[in-house]
Amino acid sequence: MKQLKVKTAFIKEIKPDVFLIGLDSGYIAKTAKPGQFLHIKVDEKNTILRRPLSIHKIDKNLIYILFRVRGRGTKILSGKTKGNIIDVIGPLGNGFNTLTSSRALNILVAGGMGVAPLVFLGKKLTEIKNQKSKCKNLVLLGAKSKKEVLAEKEFKKLRFEINIATDDGSRGFKGNVAELLKKILSTYQHDNISTNIYACGPKEMFYEIKKVIAKYPSIQAQVSFEQFMGCGLGICYGCVIETKEGYKKVCKDGPVFDLKII
Ligand SMILES: Cc1cc2nc3c(=O)[nH]c(=O)nc-3n(C[C@H](O)[C@H](O)[C@H](O)COP(=O)(O)OP(=O)(O)OC[C@H]3O[C@@H](n4cnc5c(N)ncnc54)[C@H](O)[C@@H]3O)c2cc1C
Ligand code: FES
Numbered sequence: 540m541k542q543l544k545v546k547t548a549f550i551k552e553i554k555p556d557v558f559l560i561g562l563d564s565g566y567i568a569k570t571a572k573p574g575q576f577l578h579i580k581v582d583e584k585n586t587i588l589r590r591p592l593s594i595h596k597i598d599k600n601l602i603y604i605l606f607r608v609r610g611r612g613t614k615i616l617s618g619k620t621k622g623n624i625i626d627v628i629g630p631l632g633n634g635f636n637t638l639t640s641s642r643a644l645n646i647l648v649a650g651g652m653g654v655a656p657l658v659f660l661g662k663k664l665t666e667i668k669n670q671k672s673k674c675k676n677l678v679l680l681g682a683k684s685k686k687e688v689l690a691e692k693e694f695k696k697l698r699f700e701i702n703i704a705t706d707d708g709s710r711g712f713k714g715n716v717a718e719l720l721k722k723i724l725s726t727y728q729h730d731n732i733s734t735n736i737y738a739c740g741p742k743e744m745f746y747e748i749k750k751v752i753a754k755y756p757s758i759q760a761q762v763s764f765e766q767f768m769g770c771g772l773g774i775c776y777g778c779v780i781e782t783k784e785g786y787k788k789v790c791k792d793g794p795v796f797d798l799k800i801i
């Protein structure tokens with residue numbers, strides 16, 4: 540982890556209020572693992588706290604961040620232009636633990652903007668699959684409506700089986716991704732395969748997933764938490780959550796946790 544000044548290579552609005560920004564950093568490209576995040580100083584003068592944003596994907600020295608404008612910080616970030624220098628600290632956090640058994644069913648579950656860290660993870664799982672052909676990779680993309688589905692092209696490129704759930708039923712399964720997960724899990728035999736779930740999205744989604752997988756004790760699930768952050772470095776205790784194993788700092792012990800302890 541380092542504090543770095545990185546150059547903005549590009550920024551574009553890919554959907555209303557959803558931006559993709561490319562930052563140039565050989566150091567982050569070499570050291571980051573899927574599920575880690577950058578703590579970004581969006582503005583040198585007016586915004587004291589940095590904003591945590593996941594590494595969406597990496598291509599050579601380019602770090603992609605996918606973000607939705609939520610408030611002041613992300614609004615300022617969306618106004619950056621090519622060539623702007625941004626102060627970042629990273630890569631931070633633990634990242635996903637990619638489980639590599641020879642026969643695996645990997646299911647990525649994305650609730651809305653929760654897809655942000657899952658493309659980088661998808662790339663890693665595709666590399667594993669290329670070595671162990673008995674792995675199967677699936678992604679469940681959840682959105683309010685068909686217009687809000689994100690990163691579908693990315694997962695197509697990675698040869699994932701794509702399943703879409705929309706709240707209004709305008710595309711794919713009508714309902715939320717946890718309901719879709721329930722339907723999909725019921726079509727597989729989990730005795731002779733290791734099923735791994737990797738999820739990111741709102742907390743409520745994690746509780747729904749927990750209920751869905753309760754009847755499959757062999758399934759492993761990791762979830763990436765979003766939480767307000769102060770320092771991002773494990774010092775201020777601003778991001779603490781209560782788990783079955785006591786209090787945990789999302790920035791340092793997470794953001795990825797085993798769903799069993801949530
Ligand atoms: C590890 C981590 C990775 C993240 N990765 C991404 C990402 O890749 N893409 C992305 O779009 N967002 C991501 N987020 C969420 C992102 O950090 C917040 O959206 C951002 O900090 C909001 O800043 P703001 O100044 O724009 O909004 P603020 O003005 O601070 O808040 C605007 C609104 O958003 C809510 N909010 C702010 N921060 C959070 C938060 N952390 N969790 C839940 N609600 C919040 C507030 O309640 C308020 O309603 C991530 C969060 C964490 C902890
Ligand atoms: S944000 Fe300071 S301890 Fe996590």
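Mapped onto my numbering, the consecutive letters of the sequence shown carry residue numbers 540 to 801. For every residue, glycine included, the Cβ atom is placed at its ideal position computed from N, Cα and C. Model, not experiment: these values are computed from the prediction.
Would you tell me roughly how many angstroms separate the C-alpha atoms of I701 and I723, rounded to the nearest one?
As a working mapping, residue 701 is identified with position 162 in the sequence shown. As a working mapping, residue 723 is identified with position 184 in the sequence shown. I701 and I723: Cα-Cα distance of roughly 12 Å.
Nearest by alpha-carbon distance to N633: which of V545, A571, I553 is it?
In the sequence shown, counting from the first residue as 1, residue 633 sits at position 94. For the options V545, A571, I553, the alpha carbon positioned closest to that of N633 is the one of A571.
Which residue or residues does DSSP assign as beta-bridge partners of F796?
The residue you call residue 796 lines up with position 257 of the sequence shown. Per DSSP, V762.
For R609, the three-state DSSP class (helix, strand or coil)
The count along the sequence shown starts at 1 and reaches residue 609 at position 70. The three-state secondary structure of R609, taken from DSSP, is coil.
List the DSSP bridge partners of V557.
As a first step, residue 557 is located in the sequence shown; it is residue number 18 there, counting from the start. For V557, which the question treats as bridged, DSSP gives the partners K554, R607.
Going residue by residue through the region 661-701, where are the continuous beta strand (DSSP E) segments of at least 3 residues, counting only ones entirely within it?
As far as the region 661-701 is concerned, its whole beta strand (DSSP E) runs of at least 3 residues are 675-682.
Would N715 be called buried (16 or more neighbouring beta carbons within 10 Å of its own) or exposed?
For the purposes of this step, residue 715 is taken as residue 176 along the sequence shown, with counting starting at 1. Burial is judged here by how many other beta carbons sit within 10 angstroms of a residue's own beta carbon; N715 has at least 16 and is buried.
Closest to N731 by CA distance: which of Q542, L644, A717, G618 is it?
For the purposes of this step, residue 731 is taken as the residue at position 192 of the sequence shown. Comparing C-alpha distances from N731 to each of Q542, L644, A717, G618 shows the shortest one belongs to L644.
Report buried or exposed for I801, applying the criterion of at least 16 other Cβ atoms within 10 angstroms of its Cβ.
For the purposes of this step, residue 801 is taken as residue 262 along the sequence shown, with counting starting at 1. Buried, because 16 or more other Cβ atoms sit within 10 Å of the Cβ of I801.
Among G661, K671, G708, R642, which one has its Cα closest to the Cα of K683?
For this step, residue 683 is matched to residue 144 along the sequence shown. Nearest C-alpha to K683 among G661, K671, G708, R642: G708.
Between the C-alpha atoms of T547 and T613, what's the straight-line distance to the nearest angstrom?
The residue labelled residue 547 in the question sits at position 8 within the sequence shown. The residue labelled residue 613 in the question sits at position 74 within the sequence shown. Straight through space, the alpha carbons of T613 and T547 are spaced by roughly 15 Å.
Could you please give the first and the last residue of the uninterrupted beta strand (DSSP E) stretch that includes V716?
In the sequence shown, the residue the question calls residue 716 occupies position 177. Note, V716: premise wrong, no beta strand (DSSP E); alpha helix (DSSP H) at 716-724.
Which residue's Cα is closest to the Cα of M768: D582, V762, V789, K750?
Translated into the one-based positions of the sequence shown, residue 768 becomes position 229. Nearest of D582, V762, V789, K750 to M768, Cα basis: V789.
Going straight from the alpha carbon of A704 to that of L588, what length do you get?
Counted from its first residue, the sequence shown places residue 704 at position 165. Counted from its first residue, the sequence shown places residue 588 at position 49. Straight-line Cα distance between these residues: approximately 35 Å.
Please find out if some non-hydrogen atom of ligand 2 comes closer than 7 Å to the beta-carbon of L577.
Mapped onto the sequence shown, residue 577 falls at position 38. No - ligand 2 has no heavy atom lying nearer than 7 Å to the Cβ of L577.
Output the distance between the C-alpha atoms of N600 and E552, rounded to the nearest integer angstrom.
For the purposes of this step, residue 600 is taken as residue 61 along the sequence shown, with counting starting at 1. For the purposes of this step, residue 552 is taken as residue 13 along the sequence shown, with counting starting at 1. Taking the straight line joining both Cα atoms gives about 21 Å.
Of all the options I625, K554, V608, which has the alpha carbon lying nearest to the alpha carbon of K584?
Reading the sequence shown from its first residue, position 45 is the one you call residue 584. A check of alpha carbon separations from K584 across I625, K554, V608 identifies I625 as the nearest.
Would you call the CB atoms of L543 and V581 closer than 8 Å?
Here residue 543 refers to the residue found at position 4 when the sequence shown is read from its first residue. Here residue 581 refers to the residue found at position 42 when the sequence shown is read from its first residue. If you check the CB distance, L543 and V581 do not come in under 8 Å.
Bridge-paired residues (DSSP) for Q803
The structure shown does not extend to residue 803, since the chain spans only 540 to 801, so no value can be given for it.
Closest by C-alpha distance to F796, when choosing among S564, T734, Q759
As a position in the sequence shown, residue 796 is number 257, starting the count at 1. When each option's Cα is compared against that of F796, the closest is Q759.
With DSSP collapsed to three states, give me the class of A704.
By 1-based counting over the sequence shown, the position of residue 704 is 165. Here A704 sits in strand by DSSP.
The beta strand (DSSP E) enclosing G629, as first and last residue numbers:
Mapped onto the sequence shown, residue 629 falls at position 90. 624-631 is the extent of the beta strand (DSSP E) around G629.
Return yes when the Cβ of I594 is within less than 8 Å of the Cβ of F659, no when it is not.
Reading the sequence shown from its first residue, position 120 is the one you call residue 659. Reading the sequence shown from its first residue, position 55 is the one you call residue 594. At the C-beta level, F659 and I594 come within 8 Å of one another.
Should I553 be counted as a contact of ligand 2 given a C-beta to heavy atom distance under 7 Å?
One-based indexing of the sequence shown puts residue 553 at position 14. No.
Can you give the Cα-Cα distance for S641 and I780, rounded to whole angstroms?
As a first step, residue 641 is located in the sequence shown; it is residue number 102 there, counting from the start. As a first step, residue 780 is located in the sequence shown; it is residue number 241 there, counting from the start. Roughly 34 Å between the two C-alpha positions.
Give me, in chain order, the residues of the same chain whose beta-carbon lies closer than 8 Å to that of T620; leave out the 5 immediate sequence neighbours on both sides.
Reading the sequence shown from its first residue, position 81 is the one you call residue 620. Taking C-beta separations shorter than 8 Å and ignoring five residues to either side along the sequence, the partners of T620 in its chain run T547, I550, following chain order.
Own chain residues within Cβ distance below 7 Å of E743, not counting five before or after:
For this step, residue 743 is matched to residue 204 along the sequence shown. Cβ within range, chain order: n/a, list empty.
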